[in-house]
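Residue numbers 229 to 332, in my numbering, belong to the letters of the sequence shown in order.
Beta carbons are placed, not taken as given, at the ideal position from N, Cα and C, and that holds for glycine.
Since the structure is predicted, the reported quantities are computational estimates derived from the model, not experimental observations.
See below for the structure under consideration.
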Amino acid sequence: MVNSLDEVDSFVEKGANVLETDVRFTKNGTVTRVHHGFPCDCFRDCLRETEFTEYLEYLRSVTSTGRCTSPERRFVSNNAGVRRPHVMSTPDSRDCAGNAACFR
């Protein structure tokens, strides 16, 4: 479970293309936080938590270069050639055809 901003950095830097996140809801169904809690997987710190909107904004900032928003291209590359997962930030997609930073 990746429920803190530090963990996002750690897993993305290691090449993860999927992050499992635990979402906490209020009684009326509103999403408020990402948090796991007890019981926890072995050797994990499951008490970390982050406000849901802050978590999503951070994911967008570290995984999107703003160059690729086509739904067919889920990864972007930074200048060092490291592939990172791409998070869609807008519903209106641009095509990335011909952009060397886009991968299928």
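CB contact below 8 Å: residue i versus chain D
| i | result |
| --- | --- |
| D234 | Here there is only one protein chain, and chain D is not present. |
Residue i to residue j span [Cα, whole Å]
| i | j | result |
| --- | --- | --- |
| E241 | F280 | 21 Å |
| E248 | M229 | 5 Å |
| Y283 | V246 | 15 Å |
| A325 | T291 | Confidence at A325 is low in this model, with a pLDDT of 45, below 50, so the placement of that residue should be treated as unreliable; the coordinate-derived value is given next. The straight-line gap from Cα to Cα measures roughly 19 Å. |
| S232 | T258 | 19 Å |
| E235 | R252 | 17 Å |
| D237 | N256 | 31 Å |
Buried/exposed call for residue i, threshold 16 Cβ in 10 Å
| i | result |
| --- | --- |
| T260 | exposed |
| T254 | exposed |
CA nearest to the CA of residue i, picked from the options
| i | options | result |
| --- | --- | --- |
| R276 | S238, T258, V262 | V262 |
The ligand SAH heavy atom lying under 7 Å from the CB of residue i
| i | result |
| --- | --- |
| V230 | As for the ligand SAH, it is missing from this structure, which has no ligand bound. |
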